[in-house]
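A.B. asks:
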Amino acid sequence: MEIYNLKEMLFPYEQAVKELTLKFDSIKNEYRMLGMYSPIEAVTGRVKKMSSILEKASRKKISPDEIRDKIEDIAGIRILCQFVEDIQKVIDLVRERDGRDLFIEEERDYITNTKPSGYRSYHIIVRYPLNTAMGYIEVPAEIQIRTLSMNFWAVTEHSLKYKYSGNIPMDLQKRLINCAEAAFKLDEEMGTIREEIMHAQRLNEVKNNLLNDIIENMHNLYFNAKVEEMDEINRKFVDLWEEGDLDRLREFNQQLNIMTEVYRA
Ligand code: 0O2
642 MEIYNLKEML FPYEQAVKEL TLKFDSIKNE YRMLGMYSPI EAVTGRVKKM
692 SSILEKASRK KISPDEIRDK IEDIAGIRIL CQFVEDIQKV IDLVRERDGR
742 DLFIEEERDY ITNTKPSGYR SYHIIVRYPL NTAMGYIEVP AEIQIRTLSM
792 NFWAVTEHSL KYKYSGNIPM DLQKRLINCA EAAFKLDEEM GTIREEIMHA
842 QRLNEVKNNL LNDIIENMHN LYFNAKVEEM DEINRKFVDL WEEGDLDRLR
892 EFNQQLNIMT EVYRA
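Residues in the sequence shown are numbered from 642 upward in steps of one, following the numbering used here.
Structure, rendered in structure tokens:
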């Protein structure tokens with residue numbers, strides 16, 4: 642492959658990143674819609690920058706022809722979790738797809754085996770099948786799974802590496818290792834109040850979903866119910882919302898459901 646073809650070569654990688662990002666983001670949204678805690682907090686994706694591909698190829702003595710096969714992280718998605726415990730759940734979600742819409746090649750556990758730099762993250766290298774204009778291909782992609790706190794550290798360290806062209810001064814390296822340990826300590830501490838936080842978040846999600854249902858029901862009734870009836874419903878909703886009792890809001894929504902059905906009939 643010639644270097645001038647590199648841009649063209651990146652097209653399927655862009656497609657793979659888009660599809661993988663969408664798939665894992667949809668899982669997050671599905672959990673939330675069901676009022677459940679999502680082990681996925683956020684999903685981002687990127688195609689490796691051209692300069693970064695060439696730099697990696699030259700560092701690893703990879704010829705332009707071998708770039709496609711030997712650089713596995715040209716397509717990369719990053720799945721962020723709130724808690725270390727969520728990482729295993731996300732790993733399982735990826736493994737469940739193995740042989741279906743992706744093929745796992747390798748797993749690298751940099752959480753158990755922290756890199757000397759202090760880097761922590763779980764990497765899964767996959768082949769992602771794509772039907773392109775040129776036919777069926779399997780694109781290598783790297784899925785990085787890490788907590789928000791691991792990500793904060795990695796992103797910061799990455800920019801320093803860039804600033805110092807990979808040669809971070811020893812003193813700064815030591816301080817970064819200390820920061821990585823502090824970030825991990827934060828993860829451990831947060832883990833101890835995980836249940837409490839998850840419960841609060843679930844409650845929030847349930848309340849939001851209920852509010853959406855109520856608003857939709859009120860919107861439907863607006864076109865059918867009498868003006869005085871709507872005034873009463875509005876007043877009742879404002880009072881109940883201020884009161885914040887979920888059971889009473891649920892009851893109110895059930896009444897709205899019944900009214901909507903009656904008017905529909
Ligand atoms: P970018 O900008 O994310 O594309 P390597 O030899 O480390 O270059 P290898 O052996 O192909 O890479 O695989 P590895 O280490 O499993 O995954 C490489 C990617 O993991 C890196 O991509 C980073 O995103 C991340 N990573 C690995 N080690 C570190 C680290 O010490 N610090 C930070 N911040 N990230 C790391 P690139 O190519 O570096 O960059």
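Ideal Cβ positions, reconstructed from N, Cα and C, are used throughout, including at glycine.
Less than 6 angstroms between C-beta atoms, sequence neighbours within five positions excluded: which residues of the same chain meet that for residue 685?
C.D. replies: 719
A.B. asks: Could you pull the DSSP bridge partners for residue 903 from this structure?
C.D. replies: Its beta-bridge partners do not exist; DSSP assigns none.
A.B. asks: Nearest to residue 723 by CA position, among 887, 891, 902 and 824, is which residue?
C.D. replies: 824
A.B. asks: Tell me, which residues are paired with residue 776 by DSSP?
C.D. replies: 773
A.B. asks: Whole angstroms is fine: what's the gap from residue 903's alpha carbon to residue 877's?
C.D. replies: Rounded to the nearest whole angstrom, the C-alpha separation of residue 903 and residue 877 is 20 angstroms.
A.B. asks: Just to confirm, are residue 716 and residue 782 a CB contact at a threshold of 8 angstroms?
C.D. replies: yes
A.B. asks: Alpha carbon to alpha carbon, how far is residue 689 from residue 810? Give it in angstroms, no decimals.
C.D. replies: 26 angstroms
A.B. asks: Per DSSP, which one or two residues make a beta bridge with residue 745?
C.D. replies: 767
A.B. asks: Relative to the ligand 0O2, is the shortest distance from any of its heavy atoms to the C-beta of residue 795 smaller than 7 angstroms?
C.D. replies: yes
A.B. asks: Just confirm the distance between the C-beta atoms of residue 894 and residue 851, as a whole number of angstroms; I'd bet it's less than 8 angstroms.
C.D. replies: 6 angstroms
A.B. asks: What does the Cβ neighbour count give for residue 692, buried or exposed, with the cut at 16 atoms within 10 Å?
C.D. replies: exposed
A.B. asks: Under the assumption that residue 673 contacts residue 846 (Cβ atoms under 8 angstroms), give the Cβ distance between them as a whole number of angstroms.
C.D. replies: 6 angstroms
A.B. asks: By Cβ distance below 7 angstroms, which residues in the same chain neighbour residue 802 in space, the five residues on each side in sequence not counted?
C.D. replies: 809
A.B. asks: Since residue 885 is in the beta strand (DSSP E), which residue starts that stretch and which ends it?
C.D. replies: No beta strand (DSSP E) holds residue 885; DSSP gives it neither H nor E.
A.B. asks: Using CA coordinates, which residue listed in 760, 708 and 671 is at the minimum distance from residue 646?
C.D. replies: 708
A.B. asks: Between residue 768 and residue 746, is the Cβ-Cβ spacing less than 8 angstroms?
C.D. replies: yes
A.B. asks: Measure the C-alpha to C-alpha separation of residue 900 and residue 858 and round it to an integer number of angstroms.
C.D. replies: 9 angstroms
A.B. asks: When the Cα of residue 788 is compared with those of 774, 761, 806 and 777, which residue comes out closest?
C.D. replies: 761
A.B. asks: How close, in whole Å, do the beta carbons of residue 752 and residue 728 come, if the pair is a contact with beta carbons under 8 angstroms?
C.D. replies: Right, their Cβ atoms sit about 7 angstroms apart.
A.B. asks: Who are the Cβ neighbours of residue 865 in its own chain at under 6 angstroms, not counting the five residues just before and after it?
C.D. replies: 904
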